[in-house]
Amino acid sequence: MTATISVKVEGPLGLDEPEQLLEELGRETGLTWRLETAGQDGTLDGGLAAIMLEAVLGGAVGAAVQVAVQRAIETWRGRRLDPPPVTIIVVQPPQAPRPAPRTDDLTTPEGS
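According to the working numbering, the sequence shown is numbered sequentially starting from 40.
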């Protein structure tokens with residue numbers, strides 16, 4: 040089973056900060072992250088209004104990765120005087136419905 044984990048950072052960011060967070064997330068989780076800017080116009084100081092970082096999780100590693108992501112974000116935010124709000128979103132695809140158990144009895148005694 041796969042899932043997507045996203046980290047959304049809102050507020051003014053310095054020019055290097057998205058790349059620093061991307062590196063921190065990669066180091067902590069071992070996953071390949073993709074950076075997407077949500078605020079194309081940016082802010083007056085050249086920073087972005089919002090960024091989105093995404094990675095794809097495989098198998099049952101979700102809880103461990105979430106802890107690693109939280110740790111990476113806390114480290115990154117700890118280096119800032121005024122850290123922006125950060126949201127972590129985990130999206131798991133809908134699971135296929137399981138087939139209903141059979142209700143017919145295949146071991147019916149003969150003559151019944």
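Ideal Cβ positions, reconstructed from N, Cα and C, are used throughout, including at glycine.
The stretch 52 to 66 makes contact with the stretch 100 to 113, as at least three CB pairs between them are under 8 Å. Leu120 sits in coil when the DSSP states are folded into three classes, being neither helix nor strand. Residues of the same chain with a CB within less than 7 Å of the CB of Val95, apart from the 5 flanking positions on each side, are Thr41, Thr43 in chain order.
Contact annotation: Pro124 and Glu56 have beta-carbon atoms that are not nearer than 7 Å. Nearest neighbour of Trp72 by Cα position, chosen from Glu93, Pro122, Ile128, Leu52, turns out to be Glu93.
Excluding its 5 nearest sequence neighbours in each direction, Ile90 has C-beta neighbours in its own chain below 6 Å: Val48, Pro57, Thr76, listed in chain order.
Bounds of any beta strand (DSSP E) do not take in Leu52, whose DSSP letter is neither H nor E. Leu96 is bridged by DSSP to Ala42.
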